[in-house]
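K.L.:
Residue numbers (the working numbering): 799 to 1025.
All C-beta atoms in this analysis are idealised placements derived from N, C-alpha and C, irrespective of residue type, glycine included.
Right, I'll just put the structure down here and ask away after.
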Amino acid sequence: MNAKILIVEDEVGLATTLRDRLRNEGYVVTVARDGISGLDLAIHEQFELMILDLMLPGEGGLTVCEKVRQSGSNVPILMLTALRQTADKVTGLRAGADDYLTKPFQMSELLARVAALLRRAKGTETMAERHQFGTIRVDLKRAEVLRDSQPVSLSAKEFLLLRYFVNHRGTVISRDELLREVWGYGAVRSSRTVDVHVAWLRRKLETDPKNPQFILTVVGLGYKFTG
Ligand code: CA
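Okay, here's the thing in structure tokens:
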């Protein structure tokens, strides 16, 4: 239960209460107090859920929501608002929010919605179609990779390797596992093959391939993708 949650809320009291309650539940919580820094965090860091206030200084919640979606992120978004009109709810959902809660709300209600959104997201995790890390955007279904919005040309094996990394991010993956899962049993089995392809991927995806940020070497064990 260590899901990372981003709260974008300008009311200090509410933001603090939300943060404390969610931390009590075991979540890892980051708070942004305006739309611009919230958007920046949502795009450049990885969260499992975003709680987004509608009325915010800087960028409003609707704009933030739209821009997060435009960035390719499919992070679940729970929108908060003091407004009661149905029109705002519809607009929020159209802008890409997954759920909606009207202030004032019961904390138990919010916690239930958060848990439901995380459960739902987890159920679709293995079928994730898009993933983003740093300035890289991966469309797994269409086998497309963008870096700073420019297409990156990957060989089939490089793409399969990247897809395996994305689907197993955060875990240590041995060279044997990669040979088995990416190259298949019939392939020539040499861990050197894996290392060469990893080096190519790093050259194409990492800012500094010699000091990788995302495709890490775990000495003696293999690799770990942290994007
Ligand atoms: Ca507000």
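Would DSSP call phenylalanine 957 helix, strand or coil?
P.N.:
Three-state DSSP puts phenylalanine 957 in a helix.
K.L.:
Serine 953 to aspartate 808, Cα distance in whole Å?
P.N.:
Between serine 953 and aspartate 808, the C-alpha separation is close to 46 Å.
K.L.:
With a 10 Å radius around its C-beta and 16 neighbouring C-beta atoms as the bar for buried, classify threonine 1024 as buried or exposed.
P.N.:
Answer is exposed; the Cβ neighbour count stays below 16.
K.L.:
Please report the straight-line C-alpha distance between serine 989 and leucine 976, rounded to a whole angstrom.
P.N.:
Cα to Cα, serine 989 sits roughly 9 Å from leucine 976.
K.L.:
Let me have the residue list for ligand 1: C-beta closer than 6 Å to any non-hydrogen atom, ordered along the chain.
P.N.:
Those residues are Asp808, Glu809, Asp851, Met853, Leu854, given in chain order.
K.L.:
With DSSP as the reference, identify every bridge partner of proline 949, one or two as the case may be.
P.N.:
The partner list for proline 949 (beta bridge, DSSP) reads Leu944.
K.L.:
Just to confirm, is the Cβ distance from cysteine 863 to alanine 830 under 7 Å?
P.N.:
No. Outside cutoff.
K.L.:
To the nearest angstrom, how far is the alpha carbon of lysine 1022 from that of valine 827?
P.N.:
Answer to the nearest angstrom: the Cα atoms are 24 Å apart.
K.L.:
In the DSSP assignment, the alpha helix (DSSP H) including lysine 1002 goes from what residue to what residue?
P.N.:
Segment 989–1003, the alpha helix (DSSP H) holding lysine 1002.
K.L.:
For histidine 929, report the span of its beta strand (DSSP E) as first-last.
P.N.:
Residues 928–931.
K.L.:
Short of 6 Å in beta carbon distance, which residues of its chain neighbour arginine 967, apart from the five on each side in sequence? Order them along the chain.
P.N.:
Result list for arginine 967: Phe1023, in chain order.
K.L.:
Could you say if the stretch 955–967 and the stretch 913–921 meet the contact criterion of at least three C-beta pairs nearer than 8 Å?
P.N.:
Because the criterion of three Cβ pairs below 8 Å is not met, the stretch 955–967 and the stretch 913–921 do not touch.
K.L.:
Within the continuous alpha helix (DSSP H) that includes leucine 820, where are the two ends?
P.N.:
That run of the alpha helix (DSSP H) goes 810–822.
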